[in-house]
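Q: At position 111 of the sequence shown (counting the first as 1) the number is 111 in UniProt numbering, and the numbers step up by one without a gap.
Just so it is clear, CB atoms sit at the ideal spot from N, CA and C, and this is done for glycine as well.
These numbers come from a predicted model, not from an experiment.
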Amino acid sequence: MTALAHNDFIQDTIQCWKKISPVIHEPQNTDDYEKLSSLLDNLLDVVGEDESHELMGLIDVISHMISVYDDEHYQFLEGGTGIDALKFLMEQHDLNQNDLKNEIGSQGVVSEILNGKRQLNVTQIRKLSKRFKVSPATFID
């Protein structure tokens, strides 16, 4: 790359960065975290199952930033399962099984999930992550 081409690349990068830097940075608080998580959800909707999509690199970067925040702020996850995280969050928010009917389903379904007789599905995980403002990875073993 010539010096002139390199300078053009830098100038192009600066212009792009001005547009995305307000959102693409390590979250410093729950508001940043929620914005980044929402962006990740939107990107995943766009990309779908296409692992060769041109946005996969950005998804990887954002996922890493969210993961770092999760590790620093949600240490209850270490060594635990997604169900352990759900139980912890229910306890912290003083919720019972009926309180999760909008995210999971009936009290019976919630009970089966908490007792390991059923797995959370993608829709339930997405709804739980939005309710508790945590990464969907929180509920995946």
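#1: State whether the stretch 82-89 contacts the stretch 48-64, with contact taken as three or more CB pairs (one from each stretch) at a distance under 8 Å.
#2: Does DSSP put His-6 in a helix, in a strand, or in coil?
#3: Going by DSSP in three states, Ser-67 sits in which element: helix, strand or coil?
#4: Rounded to whole angstroms, what is the Cα-Cα separation between Asn-29 and Ser-21?
#5: Flag this pair as yes or no: are the beta carbons of Val-110 and Gln-97 separated by less than 8 Å?
#6: Is the beta carbon of Phe-132 sitting closer than 8 Å to the one on Leu-120?
#7: What does the alpha-carbon distance come out to for the pair Asp-71 and Ala-137?
#8: Starting from Ile-83, trace the alpha helix (DSSP H) in both directions and tell me its first and last residue.
#9: What span of residues does the alpha helix (DSSP H) with residue 180 cover, start to end?
#10: Locate the alpha helix (DSSP H) running through Lys-133, then write down its first and last residues.
A: By the coordinates alone:
#1: no
#2: In the three-state DSSP reduction, His-6 falls in the helix class (H, G or I).
#3: helix
#4: Spanning the two alpha carbons is a distance of roughly 16 Å.
#5: yes
#6: no
#7: Taking the CA atoms as reference points, Asp-71 sits about 11 Å from Ala-137.
#8: 82-92
#9: With the chain represented from 1 up to 141, any question about residue 180 goes unanswered, as that position is not in the structure.
#10: Run containing Lys-133: none; DSSP gives neither H nor E here.
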